[in-house]
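A.B. asks: Under this note's numbering, the residue at position 409 of the first sequence is numbered 408, and the numbers go up by one with no gaps. Glycine is no exception: its CB is placed at the ideal position from the N, C-alpha and C atoms. This structure is in C-alpha cells; I'll ask about it shortly.
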Amino acid sequence: MSESVSTPRVRFAPSPTGYLHVGGARTALFNWLYARHFGGTLILRIEDTDFERSSEEMVEGILEGMRWLGLNWDEGPFYQSKRLELYRQTAEKLLASGHAYYCFCTREELEQRRAAAVAAGRPPMYDRRCRRIEKDIAAQRKAAGEACALRFAVPEGGATSFEDAVFGKVEFSNAEIEDFVLLRSDGIPTYHLSVVADDIDMRLTHIIRGADHISNTPKQVLQYRALGVQLPVFAHVPLILGPDKTRLSKRHGATSVIAYKEFGIVPEAFRNFLSLLGWTPGAAGKDADGKDREIFGSDELIRLFSLDGISKSNAVFDNDKLAWFNTEYIRAYDAQKLLPLIEEEWAKAGFTPDRSQDEVLAAINLVKPRARNLKDFAIAFRAYFIDSFEYDPAAVAKFLKDDFVRALLVELAARYESTAEFTEASTEQVLREFAEEKGVKAGALINGSRVALTGQAVAPSLFAVMVNLGKNRVVKRLAAANNVGTV
RNA sequence: GGCGCCAUGGUGUAAUUGGUUAACACGCCGCCCUCUCAAGGCGGAGAGUUCGGGUUCGAUCCCCGAUGGCGCUACCA
0 MSESVSTPRV
10 RFAPSPTGYL
20 HVGGARTALF
30 NWLYARHFGG
40 TLILRIEDTD
50 FERSSEEMVE
60 GILEGMRWLG
70 LNWDEGPFYQ
80 SKRLELYRQT
90 AEKLLASGHA
100 YYCFCTREEL
110 EQRRAAAVAA
120 GRPPMYDRRC
130 RRIEKDIAAQ
140 RKAAGEACAL
150 RFAVPEGGAT
160 SFEDAVFGKV
170 EFSNAEIEDF
180 VLLRSDGIPT
190 YHLSVVADDI
200 DMRLTHIIRG
210 ADHISNTPKQ
220 VLQYRALGVQ
230 LPVFAHVPLI
240 LGPDKTRLSK
250 RHGATSVIAY
260 KEFGIVPEAF
270 RNFLSLLGWT
280 PGAAGKDADG
290 KDREIFGSDE
300 LIRLFSLDGI
310 SKSNAVFDND
320 KLAWFNTEYI
330 RAYDAQKLLP
340 LIEEEWAKAG
350 FTPDRSQDEV
360 LAAINLVKPR
370 ARNLKDFAIA
380 FRAYFIDSFE
390 YDPAAVAKFL
400 KDDFVRALLV
410 ELAARYESTA
420 EFTEASTEQV
430 LREFAEEKGV
440 KAGALINGSR
450 VALTGQAVAP
460 SLFAVMVNLG
470 KNRVVKRLAA
480 ANNVGTV
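Next comes the structure, spelled out in C-alpha cells:
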C-alpha cells in the first residue's frame, strides 16, 4: 500500500530509565489512538543513549506495560544505542554546514563557570567561547586527540517558534537558547540530536509527547531548519499530576503502569481512564440526553480521538475515578471474558477452583457486581471457588459472635440436608420457617449464614449464594459454624 | 532567578468560540429498596468560572496586569 501524506507516522519514544509510568502510558495511548484513528503507523523507539541509566530490564518493563494496555506498535522497537552511525552522520552535516562547532571545554570548567554565573546573578548558559575558535584550528585540535563535544550554533538574534497542535503558537527568543551539546565528547549523541535525527529518519509526521518537552522543541526546530527538513506537527499533551497538583511521582503512590495490573485493574478500564486525562471527545462523547459518556471501548476511543480534544491544562490522577471505571468494566464483562484475567489472580493466590467450569462461571457472574478489582475474586470471594478459605474476623465479630446463632446454624444445616429441593425459594422458605420456629429474626440467621458460607459480611443475596454453592457445601459449611473463628 | 505554558465545584471535563438558572461524570451527603454490601432509583450540598482592571449593551469566552501551579533551565531523556 502506498503511503500518502494523510497517513500519519507517530512514535512513542520512552527512555528505559524506569518502568512505564502512567504519564508515559498516556502519551503512548494518545499516539496509538492517533495512529489507529487515521490508519497510520505507530513506531516504538527506545531512547537509550544514556548508558548510565538505561537498562534492558527497564525496556522489558516498558514493553510489558504496553502489552498489558493493549497498545501494539507497527515498527520497532528501535534502539537508539544501535543507531549511532545515523547520529554521527547528522552531526557531520550540521558541522559541515556551519551549524555546529567543536567545544573543548571540560565538564569541570563548565560546572565552574555555571556556578560562577549563578552566583553573579547571570543566566547559567554556555558562554559560547569555543564557537569563536577557527574551524581548522578546531579540526586540528580534534585530530590531535583533544577531547571535545559538538555543540549546535544557535542563531545570535531573532526568535524560534512553532505552531503546536494543542498550544498554538509557541515562541522562544534565541537569546534564551544555549548552544546545546549534540555529541558528547565520547561521541554518543545527546537527546537533542538523536530525537531529531530519528524523527527525520523515521519520517514522523506528528510528534505527540508530554508538555515537558515544550521548552526543548525550539532546539529541535533549529536543527530541522539547519538540516533543511520540513517540521513535523508538534502536539504537546499536558502532564498528569498527583492529588496535590505536583508532578505525579512515587510519593503519590504507584506510578508504574504494571502496579495497576497488580492492584487488579482491568487493562481496558485503565486505558479508558487514561484516555480521559487531558482529552475529551467533546460533543461527540455525549449521549442522547446530552450527558457526558465516559465509558468508551477501544473502537470508540479510536473513532472519537482527535488532537483537538486535548486540553492545555494539567490533569490530576484520581484513584477514585479509576476505581469506578474498573468496577464498570468488571460488571460489564461476562464471566467468560473475565475468566482468564481472574485465573491469573488465582494463580498468584496459589490455588485453582475445586469446582466445575460451569459452577465457576456462575459464581463469577454472581459476585462480579460486588467486585472492586480482579483481586477480589481471589481474596474476598475465594469461598465461592474453593473450600479452603478464611473467615474475615470483622465479619465473624459482626454476625457470628453468638454461640446461640452458631448452634442454630448447625441445626439449620441438618434441615437443609434433609430437604430434597434446593432452590432460592426453597432455601429461603426453610430458613424463614426455621427462624420462626426458633423465635429468632430471620435476618440474624441470614447474616450468620452468609459469614459461615462465604467468610464475608458482604455477599450477594444469600439464597442465590446457597444455590450457587450447592447443597453439599452449604450443609458442610453451616454444620461447621461452631468452629469458625476458633481455627 | 530567567524563559515558557496553564488557570471553570474536591477531581476529570462541557458550555452554538460574547447572550445558559454555568452542564455532565467521579467523589461526597441524605432517602428509598433490603438478608449484608454493592448496584439501582430519587433528592442534595458543592464553582458565579484564581484575583484586579479594561473592551462591550453584555463576558467563562477577547485584551492587559497580578497571583498561583507546572515545565525547562545538564556532555539526562
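#1: What's the call for Gly23, buried or exposed, on a 16-neighbour Cβ count within 10 Å?
#2: Give me the Cα-Cα distance between Asn30 and Phe324, rounded to the nearest whole angstrom.
#3: Just checking my contact of Leu236 with Ile309 at CB under 8 Å: how many whole Å lie between their CB atoms?
#4: Keeping to the same chain, check which residues put their C-beta closer than 8 Å to that of Ile61; ignore five residues upstream and five downstream.
#5: With 16 as the cutoff for other CB atoms within 10 Å, does Val117 come out buried or exposed?
#6: When the distance is taken between beta carbons, is Leu32 closer than 8 Å to Leu68?
#7: Taking only runs of the beta strand (DSSP E) that begin and end inside the segment 140-180, which ones reach a length of at least 3 residues, in chain order?
#8: What is the DSSP secondary structure of Lys311, reduced to helix, strand or coil?
#9: Kindly give me the distance between the Cβ atoms of Ile363 and Leu338, rounded to whole angstroms, as I take these residues to be in contact under 8 Å.
#10: Write down every uninterrupted run of the beta strand (DSSP E) in the segment 71-108 whose length is 3 residues or greater and which is fully enclosed by it, in chain order.
#11: Pick helix, strand or coil for Ile445, following the three-state DSSP scheme.
#12: Take Val474 and list the residues in its own chain whose beta-carbon comes closer than 7 Å to its own, dropping the five residues that flank it on each side.
#13: Can you tell me whether DSSP reads Pro15 as helix, strand or coil?
#14: Is it right to say Arg250 is buried, meaning 16 or more other beta carbons lie within 10 angstroms of its own, or is it exposed?
#15: Would Ser448 be called buried (16 or more neighbouring beta carbons within 10 Å of its own) or exposed?
#16: Since Thr6 is in the alpha helix (DSSP H), which residue starts that stretch and which ends it?
#17: Which of helix, strand or coil does DSSP assign to Gly209?
#18: Can we say the segment 303-320 touches the segment 274-285, given the rule of at least three CB pairs closer than 8 Å?
#19: Taking the CB atoms as reference points, tell me whether Val483 and Ala451 lie closer together than 8 Å.
#20: By Cβ distance below 6 Å, which residues in the same chain neighbour His191 in space, the five residues on each side in sequence not counted?
#21: Report yes or no: do three or more beta-carbon pairs, one from the segment 124-141 and one from the segment 94-109, lie closer than 8 Å?
#22: Cutting at 7 Å between CB atoms, please list the residues of its own chain near Phe233, excluding the five before and the five after it.
#23: Determine the direct distance from the alpha carbon of Ile301 to that of Ser3, and round the result to whole angstroms.
#24: Whole angstroms is fine: what's the gap from Ser169's alpha carbon to Ile329's?
#25: Could you spell out where the alpha helix (DSSP H) holding Leu68 opens and where it closes?
#26: Pairing CB atoms from the segment 350-369 with CB atoms from the segment 420-432, are three or more of them under 8 Å?
#27: If the criterion is Cβ atoms closer than 8 Å, does the pair Pro231 and Thr204 meet it?
#28: Count the other CB atoms within 10 Å of the CB of Pro352; is the residue buried (16 or more) or exposed (fewer)?
#29: Taking 8 Å as the limit between beta carbons, can you name the residues of its chain near Phe316, skipping five residues before and five after?
#30: Count the other C-beta atoms from every protein chain shown that fall within 10 angstroms of the C-beta of Ala115, then say buried if there are 16 or more, exposed otherwise.
C.D. replies: Taking the structure as given:
#1: buried
#2: 22 Å
#3: Correcting the residue identity first, residue 236 is Val in this sequence and not Leu. About 6 Å; that satisfies the 8 Å criterion.
#4: Pro13, Pro15, Tyr18, Leu19, Gly23 and Ile45
#5: exposed
#6: no
#7: 148-151, 158-163 and 167-172
#8: coil
#9: 7 Å
#10: 74-78 and 99-102
#11: helix
#12: Ala412, Tyr415 and Glu416
#13: coil
#14: exposed
#15: buried
#16: Careful: Thr6 lies outside any alpha helix (DSSP H) and carries neither H nor E.
#17: strand
#18: yes
#19: yes
#20: Phe179 and Lys218
#21: yes
#22: Phe161, Asp163, Ala164, Ile206 and Thr216
#23: At Ser3, the pLDDT of 48 sits below 50, so the modelled position is not reliable and the matter cannot be decided from this model.
#24: Per the sequence shown, residue 169 should be read as Val rather than Ser. Rounded to the nearest angstrom, the two C-alpha atoms are 43 Å apart.
#25: Glu55 to Leu68
#26: no
#27: yes
#28: buried
#29: Val21, Ile239, Leu240, Gly241, Pro242, Leu247, His251 and Leu276
#30: exposed
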